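All remarks here apply to the structure that follows.
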Amino acid sequence: MRSLTQVQRLSLLLLVVTGVLNYLDRSALSVTNAAIRQDMGLSLGHMGLLLSAFSWSYALAQLPIGGLIDRYRPRLMLTFGIVFWSVAQALCGRVNSLASFLGARILLGIGESPQFPTAARVVSDWFPLEKRGFPTGVFNSASPLGTAIAPPVLSLMLVTWGWRAVFVALGIAGLFVAVLWWSAYRNPDQVRLSDEARAVIARPEPAPKASGGLKTWGRLFRHGTTWGMIFGFFGSVYLNWLYLTWLPNYLQMARGMDTIHSGFAAFVPFFCGFIGCLVAGGLSDRLVRLTGSTVKGRKYLTIGAMFGMAAFTVPAALVHSNLLALICISAVIFLANVASTGSWALVSAVAPPQQVASLGAVQNFGGYIGGALAPVVTGYIVQWTGSFVPALLVGAAAASLSALVYLFGVRKPIVPSAEIQS
């Protein structure tokens, strides 16, 4: 019989490992951007399409994936996802045309879609409602940690082996991680716990395996809270994904850095994002205690961080000093991950208990529509204007507008449908 604390810690560790791999794979194209353009003769606009292809398929795959996770549970669905995305990542290293590259990136987006809805469901399964802020911050920290590691590590791999080897090596590593997740993680009904531990994580109503089916899933869209989370997450991910996909290339093109220096410089903002996730988790739980509301505590943190993202992006775009720009960008990425942690913690605060993954995936769908638009819009703006400044200002505006959507659109939890309660 395991202790609840042991299970919680192992679950979070596994989510961080799989999440770091997830973001290493996502970051590979942005790190190898210049080398691929030179080798394959692609324009900035073409690269924008490649960078956004992942996000379009990832966003669309979010719509069914949440319900599948709620039905078939995290252990099976994330194992399948890791294997799928690892094969797709390896295929990216074997492409010989823009069309085949787009196809591989689309497959990568589909494969990676279970990661964060799975993480939200795992936290919901293993932690009580009022204490989900910190574990949400921990699993969410994998995204900036993986993104921080990617530029220096993948840049060294790039200059040593070439860009194709980067993708193949990551694909092989992913298959080992899939085995690790399947071997080590268990769903709550597969673990022997004491009655006291089971009472801590008990749901307020019976927990059937199914989430209520397509009809019940569709009822989520009848609630204003659902739409507020869709459009609220849009601007947060838009601005974050702008930096995620273009930062190394921005540092080279606009700030005059070479591949190695830009790789190590890009490490700093994303490591700040890692710290932001850890800070946000505890802060979110504290705000819940101060406000007496899980919804307000999670929401206010998200809104404040999103306005901060926009505020620091403006000087990041306009200052001449590379050091000052990097400081501002670091502040943006720090706050972007505070906002993301708040958004994911908000999911379990407003979702019906058996639809946490479903609502998380729906919110993520809205976010990654923004994530899909950000790289292609940025690529074409830079191609047309010769400057990253207007692209960054568009991102700041998107984050500000979406913060207002969270403020006025997300007010109360979603009442579970009769099918879930029965």
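Per our numbering, the very first residue in the sequence shown carries number 99; after that it's consecutive.
Note that the Cβ used here is the ideal one computed from N, Cα and C, for glycine as well.
All values reported here derive from a predicted model rather than from experimental measurement.
Does the Cβ of residue i have 16 or more other Cβ atoms within 10 Å, making it buried, or fewer, making it exposed?
i	result
Leu112	buried
Pro304	Because the pLDDT of Pro304 is 45, which lies under 50, any placement of that residue in the model is unreliable, and the number read from its coordinates should be weighed accordingly. The residue in question, Pro304, is exposed, as its Cβ has fewer than 16 Cβ neighbours within 10 Å.
Val503	buried
Ala308	Residue placement at Ala308 cannot be trusted, given a pLDDT of 45 that sits under 50; the coordinates are not used to answer.
Asp293	exposed
Asp223	buried
Thr103	exposed
Pro249	buried
Ile134	buried
Phe319	exposed
Leu312	exposed
Ser101	exposed
Val430	buried
Ala53	Given that the chain is displayed from residue 99 to residue 520, the structure contains no residue 53 and the question cannot be resolved.
Gly333	buried
Ala297	exposed
Gln452	buried
Trp482	exposed
Pro306	With a pLDDT of 46 at Pro306, under the threshold of 50, the modelled position of that residue is not reliable, and no figure is offered here.
Ser428	buried
Gly117	buried
Gly354	exposed
Compare the C-alpha of residue i against each of the options and name the closest.
i	options	result
Thr389	Glu228, Val181 and Ala495	Glu228
Gly191	Gly260, Asp223 and Val412	Gly260
Thr392	Gly440, Arg262, Ile247 and Ile358	Gly440
Cys375	Ala434, Ala423 and Tyr341	Ala434
Asn194	Pro226, Ala151, Arg262 and Leu252	Arg262
Phe237	Val264, Gly379 and Leu196	Gly379
Lys397	Arg353, Gln288 and Leu505	Leu505
Ala280	Arg219, Val185 and Thr177	Checking the displayed sequence, the identity of residue 280 turns out to be Trp instead of Ala. Nearest of Arg219, Val185 and Thr177 to Trp280, Cα basis: Thr177.
Gly201	Gln213, Val185, Gln104 and Ser500	Val185
Val251	Phe362, Thr324, Phe368 and Ser419	Phe362
Leu377	Pro451, Ser438 and Ala246	Strictly speaking, residue 377 in this sequence is Val, with Leu absent from that position. The shortest Cα separation from Val377 among Pro451, Ser438 and Ala246 belongs to Ser438.
Arg384	Ser498, Leu206 and Ala443	Ala443
Arg107	Ile167, Asp123 and Ala282	Ala282
Leu127	Ile373, Leu342, Leu421 and Val417	Leu342
Ala295	Phe225, Tyr156 and Leu205	Phe225
Trp325	Phe365, Thr258, Val115 and Lys510	Lys510
Ile270	Val289, Val114, Asn131 and Val181	Val181
Gly316	Gly165, Val115, Leu291 and Leu243	Gly165
Ile167	Ser198, Val220, Val115 and Phe199	Val220
Cys426	Phe368, Pro450 and Arg387	Phe368
Leu349	Gly179, Val114, Thr258 and Leu421	Leu421
Leu273	Tyr478, Val115, Gly477 and Ser498	Val115
Trp344	Val460, Phe199, Val386 and Gly477	Gly477
Just to confirm, are residue i and residue j a CB contact at a threshold of 8 angstroms?
i	j	result
Val129	Pro346	yes
Val75	Gly458	The structure shown does not extend to residue 75, since the chain is modelled only from 99 to 520, so the question has no answer here.
Gly231	Ser382	yes
Ser500	Met351	no
Pro275	Leu119	Pro is not the amino acid found at residue 275; the sequence shown has Val there. For Val275 and Leu119, yes; Cβs fall inside 8 angstroms.
Phe329	Asn462	no
Val448	Val508	yes
Ala408	Ala414	no
Tyr121	Ala240	yes
Leu196	Leu256	no
Leu268	Asp123	yes
Cys370	Phe432	yes
Leu337	Ala151	no
Leu399	Val436	yes
Thr245	Ser419	no
Ala455	Pro215	yes
Val480	Leu142	yes
Val277	Gly469	no
Ser155	Ile204	yes
Val485	Trp339	Correcting the residue type first, residue 485 is Ser in the shown sequence and not Val. Their beta carbons are not under 8 angstroms apart, which means Ser485 does not touch Trp339 by this criterion.
Gln187	Leu174	no
Pro242	Phe365	no
Val289	Val417	no
Arg171	Asn285	yes
Thr357	Ala132	yes
Are the segment 472-479 and the segment 141-160 touching, with three or more C-beta to C-beta distances below 8 angstroms?
The segment 472-479 vs the segment 141-160: in contact.
Evaluate the contact criterion for the segment 158-166 versus the segment 211-220: three or more CB pairs, one atom per stretch, below 8 angstroms.
Yes, since at least three Cβ pairs between the segment 158-166 and the segment 211-220 fall closer than 8 angstroms, the two stretches touch.
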